[in-house]
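Below you'll find the structure, written out as structure tokens, and then a few comments.
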Amino acid sequence: MTMRDFPGVLAILLVALGVAPAQSVGVAPIFIVAADINGDGSLDLVVANTALGSGSVSILLGNGDGTFQPATFVRIGNYPRSIAVADFNRDGKLDLAVANEGPTGGGGLAILLGNGDGTFLPPVFLTSGVNPASLVAADFNADGIVDLAVANSEQFQTSPPFKSGSISILLGNGDGSFGPPSFFSAGTFPIAITAADFNGDGKLDLAAANFGGTSLAVLMGNGDGTFQPATFVGAGREPFSITSADLNGDGNADLIAANHSITSTGGSISVSLGGGDGTFQPTLYFHAGQGTVFVTAGDFNLDGIPDLAVADSGGSGTGGVAILLGNGDGTFQRPGIVSAGLHPQAIAVGDFNRDGNPDLAVVNSGRFPQPGTVSILLGDGKGGFQLDRE
Numbered sequence: 039m040t041m042r043d044f045p046g047v048l049a050i051l052l053v054a055l056g057v058a059p060a061q062s063v064g065v066a067p068i069f070i071v072a073a074d075i076n077g078d079g080s081l082d083l084v085v086a087n088t089a090l091g092s093g094s095v096s097i098l099l100g101n102g103d104g105t106f107q108p109a110t111f112v113r114i115g116n117y118p119r120s121i122a123v124a125d126f127n128r129d130g131k132l133d134l135a136v137a138n139e140g141p142t143g144g145g146g147l148a149i150l151l152g153n154g155d156g157t158f159l160p161p162v163f164l165t166s167g168v169n170p171a172s173l174v175a176a177d178f179n180a181d182g183i184v185d186l187a188v189a190n191s192e193q194f195q196t197s198p199p200f201k202s203g204s205i206s207i208l209l210g211n212g213d214g215s216f217g218p219p220s221f222f223s224a225g226t227f228p229i230a231i232t233a234a235d236f237n238g239d240g241k242l243d244l245a246a247a248n249f250g251g252t253s254l255a256v257l258m259g260n261g262d263g264t265f266q267p268a269t270f271v272g273a274g275r276e277p278f279s280i281t282s283a284d285l286n287g288d289g290n291a292d293l294i295a296a297n298h299s300i301t302s303t304g305g306s307i308s309v310s311l312g313g314g315d316g317t318f319q320p321t322l323y324f325h326a327g328q329g330t331v332f333v334t335a336g337d338f339n340l341d342g343i344p345d346l347a348v349a350d351s352g353g354s355g356t357g358g359v360a361i362l363l364g365n366g367d368g369t370f371q372r373p374g375i376v377s378a379g380l381h382p383q384a385i386a387v388g389d390f391n392r393d394g395n396p397d398l399a400v401v402n403s404g405r406f407p408q409p410g411t412v413s414i415l416l417g418d419g420k421g422g423f424q425l426d427r428e
């Protein structure tokens with residue numbers, strides 16, 4: 039054995055112990071998504087690296103045992119902030135849509151058509167609105183073709199007063215191209231978006247987190263790619279991430295937001311239980327760290343009840359991942375904290391080692407201008423996760 043062989047051997051030993059090593063990605067990573075982009079049956083990772091002037095997407099192909107190959111990079115635009123994965127040209131290969139928030143020049147979307155082997159064609163750039171911060175891919179006009187809904191934060195800034203933003207809809211043509219955007223008002227600084235059927239009419243609706251205030255904007259879909267005027271649901275201060283799931287088992291989609299506000303009491307997770315008719319019950323709040331910047335749902339203890347994983351960037355600390363196990367009624371147990379890397383920013387859920395248990399891939403921004411990392415936390419199927427090593 040030579041020293042050149044040592045990193046690979048070490049990775050194998052760590053996996054055998056239930057611990058997967060962290061891997062380097064780009065500078066200032068902020069978002070991560072898991073999908074099988076090379077069609078080998080193992081989940082891969084795609085990471086958005088926001089570094090101004092050198093923004094990129096990192097591709098990490100999965101080995102199927104909880105480890106990943108070294109990242110490859112695609113230059114993608116100015117401040118890539120969110121990624122959606124879908125088959126936009128209906129060739130059976132997964133493609134990427136990337137929202138470039140681009141504080142200089144207003145940003146835009148990048149569409150990368152996949153070759154089916156983990157590589158992509160050069161990006162095609164689209165206009166979607168001012169400073170697109172988040173996007174979701176789904177069929178909003180029921181024509182069998184994937185469309186895009188984009189939360190446009192409108193103005194890149196980190197202090198008030200905030201300007202109103204919008205949601206833009208780009209209807210897919212089925213060949214990887216999209217029609218011109220149509221716009222819908224969505225409140226103040228919409229920075230994250232999710233899609234679900236909130237009123238039970240079989241048509242997809244949208245909800246966006248308004249970072250410039252304390253609300254979530256909910257837009258009911260008409261089924262033709264247009265949406266009704268937004269109504270608003272209460273959230274915590276500076277909602278930064280949003281997702282939807284049926285938390286209480288009543289068949290209705292509920293809303294969950296990570297509220298970023300860094301105060302003496304830290305951030306929070308807000309839960310708004312859906313009534314199934316587009317209305318929501320009064321918002322509940324749960325503590326989950328000092329700088330709650332991302333939330334995602336999954337059944338981590340395999341009891342059939344959604345749980346939450348929260349990226350806590352740590353405020354002045356190093357941060358971690360909070361696991362909130364669901365009680366089945368929309369409430370949660372006290373969070374368990376799992377260490378990841380330095381300043382976690384986002385989480386992807388998937389079975390990365392194919393053992394039947396959900397695992398977590400956590401993207402950590404680290405210390406700028408050093409590259410960030412991805413930490414793999416292997417789940418035990420009981421709600422616990424193995425501690426990653428940097």
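Using my numbering, read the sequence shown as starting at 39 and increasing by one per residue. For each residue, glycine too, the CB sits at the ideal point set by N, CA and C. Predicted, not measured: the structure shown is a model, and the values here were computed from it.
In the displayed model, serine 279 falls within a strand according to three-state DSSP. Just so you know, the alpha carbons of valine 401 and leucine 416 end up roughly 14 angstroms apart. Looking at the DSSP output, valine 84 shares a beta bridge with Val71 and Ile97.
Pairing aspartate 235 with glycine 313, the inter-Cα distance amounts to about 11 angstroms. 7 angstroms or more divides the Cβ of serine 308 from the Cβ of alanine 360. Counting along the chain, glutamine 383 sits inside the beta strand (DSSP E) bounded by residues 382-388. From the listed residues Ala189, Val162 and Gly212, the smallest Cα separation to alanine 247 is found for Ala189. Restricting attention to beta strand (DSSP E) runs no shorter than 3 residues, the region 100-178 encloses them at 110-113, 118-124, 133-138, 146-150, 162-164 and 170-176, ordered along the chain. For glycine 225, the enclosing beta strand (DSSP E) starts and ends at 220-226. Counting along the chain, the unbroken beta strand (DSSP E) around glycine 374 starts and ends at 374-376. Between proline 228 and glycine 203, the CB-CB gap stays under 7 angstroms. Between the C-alpha atoms of glycine 410 and aspartate 315 there is a straight-line separation of about 42 angstroms. Shown here, valine 184 sits in coil according to DSSP, grouped into three states, outside any helix or strand. Note that the region 280-300 does not touch the region 262-269; fewer than 3 beta-carbon pairs, one per stretch, sit closer than 8 angstroms. Beta bridge pairing from DSSP links phenylalanine 370 with Gly364. Cβ contact annotation for asparagine 237 (same chain, cutoff 8 angstroms, sequence separation greater than five): Asp243, Met258, Gly314, Asp315 and Gly316, in chain order.
In this structure, the beta-carbon distance from serine 310 to alanine 296 does not fall below 7 angstroms. Between aspartate 185 and glycine 225, the C-beta spacing is not below 7 angstroms. DSSP, read as helix, strand or coil, puts threonine 269 in strand.
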